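Below is one structure, written out as structure tokens; comments come after it.
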Amino acid sequence: MAQNITIGTAPDSWGVWFADDPKQTPWQRFLDEVAEAGYKTIELGPYGYLPTDPSQLADELAARDLNVCAGTVFTAFHRGIDGSANAWEEAWEPARKVAELTAAMGGEHIVVIPAMWRDDVTGQALEPGVLEAEGWDSLAKGHDRLGKILQEEFGLKQQFHSHADSHVCGQSDIEKFLEVTDPQYTTLCLDTGHAEYGGASSVDLIHRFPERIGYLHLKQINPDILATVREKDMTWAAANLAGVMCEPPSGLPDLNEVLQEVEKLGRPIFGIVEQDMYPVADFSVPLPIATRTRNYLHSCVSRTHV
Numbered sequence: 001m002a003q004n005i006t007i008g009t010a011p012d013s014w015g016v017w018f019a020d021d022p023k024q025t026p027w028q029r030f031l032d033e034v035a036e037a038g039y040k041t042i043e044l045g046p047y048g049y050l051p052t053d054p055s056q057l058a059d060e061l062a063a064r065d066l067n068v069c070a071g072t073v074f075t076a077f078h079r080g081i082d083g084s085a086n087a088w089e090e091a092w093e094p095a096r097k098v099a100e101l102t103a104a105m106g107g108e109h110i111v112v113i114p115a116m117w118r119d120d121v122t123g124q125a126l127e128p129g130v131l132e133a134e135g136w137d138s139l140a141k142g143h144d145r146l147g148k149i150l151q152e153e154f155g156l157k158q159q160f161h162s163h164a165d166s167h168v169c170g171q172s173d174i175e176k177f178l179e180v181t182d183p184q185y186t187t188l189c190l191d192t193g194h195a196e197y198g199g200a201s202s203v204d205l206i207h208r209f210p211e212r213i214g215y216l217h218l219k220q221i222n223p224d225i226l227a228t229v230r231e232k233d234m235t236w237a238a239a240n241l242a243g244v245m246c247e248p249p250s251g252l253p254d255l256n257e258v259l260q261e262v263e264k265l266g267r268p269i270f271g272i273v274e275q276d277m278y279p280v281a282d283f284s285v286p287l288p289i290a291t292r293t294r295n296y297l298h299s300c301v302s303r304t305h306v
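Numbers 1 to 306, taken from the UniProt record's numbering, label the letters of the sequence shown in order.
This is the structure:
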């Protein structure tokens with residue numbers, strides 16, 4: 001039977017959000033524990049967390065029998081990419097570095113995360129929370145431009161990641177984004193946790209836009225904590241600290257159902273475990289969770305592999 005879902009993991013599941021932070025698992029320990037948990041495939045995480053020298057990183061990965069599937073970049077194309085607007089210039093140089101390293105490691109994808117509209121710490125609105133037509137136009141043009149360059153110059157596929165407190169968070173936002181972008185250059189990193197957080201249905205998105213599902217981030221939301229987050233209008237950072245992300249299979253959506261629907265697409269796809277855990281007070285916490293999560297996901301459907 002063909003195997004079409006590759007289960008991997010990311011530094012995020014070890015509490016890594018930044019290139020350098022003492023509250024984060026050291027990168028050597030992360031790689032060691034990824035291998036110990038049984039994974040073979042990883043994302044790079046924030047640029048600079050893992051070694052950025054391709055030869056060094058290749059040696060570290062080979063020593064643990066690991067491979068890279070994707071890198072991650074951040075953008076704010078809705079703020080304008082033409083004329084005096086500098087959202088493209090701000091995004092491109094970091095993106096170029098990530099793309100070069102990802103390609104050098106044999107990765108196939110770049111996960112692209114949009115900017116949040118409010119300050120993640122104070123909750124202060126930095127801009128309107130809803131995009132007007134001009135903002136949508138800039139957003140679409142920016143991602144199509146980025147996707148074209150990534151594809152033609154680096155052989156990489158852009159996977160857009162809807163995100164909490166961004167302009168593309170809920171069901172209608174994701175649908176609108178898919179409507180205004182070119183499927184040749186922009187497909188979706190379906191993050192099951194962020195979709196649930198925004199009130200979107202992962203299964204419905206798979207059913208309705210099967211050709212636009214290019215990549216998966218697998219995580220779950222605690223519905224009780226999410227209700228509190230919405231009641232108190234908490235920021236993403238505050239919600240994360242409150243434990244809104246939870247260990248599968250205790251939350252939503254049903255990842256067994258999601259994976260079975262993805263199997264029906266009948267093509268290779270990465271399913272990356274990405275449980276937001278920053279900050280981790282005890283570095284011994286992530287490994288057993290990562291191990292249990294991998295075992296659970298492999299029990300969901302018969303055609304997943306490492």
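Virtual Cβ for every residue (Gly too), placed ideally from N, Cα, C.
As the structure is a computational prediction, the values presented were derived from the model and not from experiment.
Distance, residue j Cα to residue i Cα
{"i": "Tyr215", "j": "Lys157", "result": "10 angstroms"}
{"i": "Ala2", "j": "Leu131", "result": "Because the pLDDT of Ala2 is 39, which lies under 50, any placement of that residue in the model is unreliable, and the number read from its coordinates should be weighed accordingly. Roughly 42 angstroms between the two C-alpha positions."}
{"i": "Lys148", "j": "Leu255", "result": "31 angstroms"}
{"i": "Trp27", "j": "Ala290", "result": "16 angstroms"}
{"i": "residue 313", "j": "Lys97", "result": "Lying before the first or after the last residue shown, residue 313 is absent from the chain, which here runs from 1 to 306."}
{"i": "Pro279", "j": "Asp20", "result": "12 angstroms"}
{"i": "Ile269", "j": "Asn4", "result": "6 angstroms"}
{"i": "Leu188", "j": "Val262", "result": "13 angstroms"}
{"i": "Val112", "j": "Leu57", "result": "22 angstroms"}
{"i": "Ser284", "j": "Asp59", "result": "25 angstroms"}
{"i": "Leu101", "j": "Pro286", "result": "26 angstroms"}
{"i": "Lys23", "j": "Gly48", "result": "16 angstroms"}
{"i": "Pro248", "j": "Val258", "result": "13 angstroms"}
{"i": "Lys40", "j": "Leu61", "result": "9 angstroms"}
{"i": "Glu90", "j": "Leu297", "result": "37 angstroms"}
{"i": "Gly107", "j": "Gly266", "result": "21 angstroms"}
{"i": "Leu205", "j": "Asp53", "result": "38 angstroms"}
{"i": "Pro11", "j": "Phe30", "result": "7 angstroms"}
{"i": "Phe177", "j": "Val168", "result": "7 angstroms"}
{"i": "Ile174", "j": "Asp233", "result": "21 angstroms"}
Cβ pair residue i, residue j closer than 7 angstroms
{"i": "Gln6", "j": "Val34", "result": "Sequence check: residue 6 is Thr here, not Gln. Going by C-beta atoms, Thr6 is not nearer than 7 angstroms to Val34."}
{"i": "residue 316", "j": "Leu218", "result": "This structure leaves residue 316 out entirely; the chain is present only between 1 and 306."}
{"i": "Ala115", "j": "Phe154", "result": "no"}
{"i": "Asp120", "j": "Thr235", "result": "yes"}
{"i": "Ala63", "j": "Glu43", "result": "no"}
{"i": "Ser202", "j": "Thr192", "result": "yes"}
{"i": "His78", "j": "Gly135", "result": "yes"}
{"i": "Ala242", "j": "Ile225", "result": "yes"}
{"i": "Tyr13", "j": "Val244", "result": "It is worth fixing the name first, because residue 13 is Ser in this sequence and not Tyr. No."}
{"i": "Ala164", "j": "His143", "result": "no"}
{"i": "Val73", "j": "Ala95", "result": "yes"}
{"i": "Asp276", "j": "Asn240", "result": "yes"}
{"i": "Gln151", "j": "His109", "result": "no"}
{"i": "Ile81", "j": "Ser162", "result": "no"}
{"i": "Ala140", "j": "Thr181", "result": "yes"}
Coil, strand or helix - residue i by DSSP
{"i": "Arg208", "result": "helix"}
{"i": "Ala2", "result": "With a pLDDT of 39 at Ala2, under the threshold of 50, the predicted position of this residue should be treated as unreliable, though the coordinate-derived value follows. Note: Ala2 maps to coil in three-state DSSP."}
{"i": "His167", "result": "coil"}
{"i": "Ile81", "result": "coil"}
{"i": "Arg64", "result": "coil"}
{"i": "Ala125", "result": "strand"}
{"i": "Ile197", "result": "Checking the sequence, you will find Tyr at residue 197 rather than Ile. Here Tyr197 sits in helix by DSSP."}
{"i": "Asp276", "result": "coil"}
{"i": "Gln220", "result": "strand"}
Residue range of the unbroken beta strand (DSSP E) whose run includes residue i
{"i": "residue 313", "result": "Outside the modelled stretch of the chain, which goes from 1 to 306, sits residue 313, for which no answer is possible."}
{"i": "Gly271", "result": "Ile269 to Val273"}
{"i": "Ala70", "result": "Asn67 to Thr75"}
{"i": "Ile5", "result": "Ile5 to Thr9"}
{"i": "Glu43", "result": "Thr41 to Glu43"}
{"i": "Val111", "result": "His109 to Pro114"}
{"i": "Lys157", "result": "Lys157 to His161"}
{"i": "Leu50", "result": "Element bounds for Leu50: n/a, residue is neither H nor E."}
Residue burial classification, residue i (beta-carbon count within 10 angstroms, cutoff 16)
{"i": "Ser299", "result": "exposed"}
{"i": "Leu126", "result": "exposed"}
{"i": "Glu93", "result": "exposed"}
{"i": "Val16", "result": "buried"}
{"i": "Gln184", "result": "exposed"}
{"i": "Arg230", "result": "exposed"}
{"i": "Thr122", "result": "exposed"}
{"i": "Ala281", "result": "exposed"}
{"i": "Asn295", "result": "exposed"}
{"i": "Pro288", "result": "exposed"}
{"i": "Pro128", "result": "exposed"}
{"i": "Glu196", "result": "buried"}
{"i": "Ser172", "result": "exposed"}
Opening and closing residue of the alpha helix (DSSP H) in which residue i lies
{"i": "Tyr296", "result": "Pro286 to Cys300"}
{"i": "Gly135", "result": "Ala133 to Phe154"}
{"i": "Leu255", "result": "Leu255 to Glu263"}
{"i": "Ala237", "result": "Trp236 to Leu241"}
{"i": "Lys97", "result": "Ala87 to Ala104"}
{"i": "Gln24", "result": "Gln24 -> no alpha helix (DSSP H), and no H or E assigned at all."}
Cβ-heavy atom distance, residue i to the ligand FMN, below 6 angstroms
{"i": "Ser299", "result": "By its list of ligands, the structure shown contains no ligand whatsoever, and the ligand FMN lies outside what it can speak to."}
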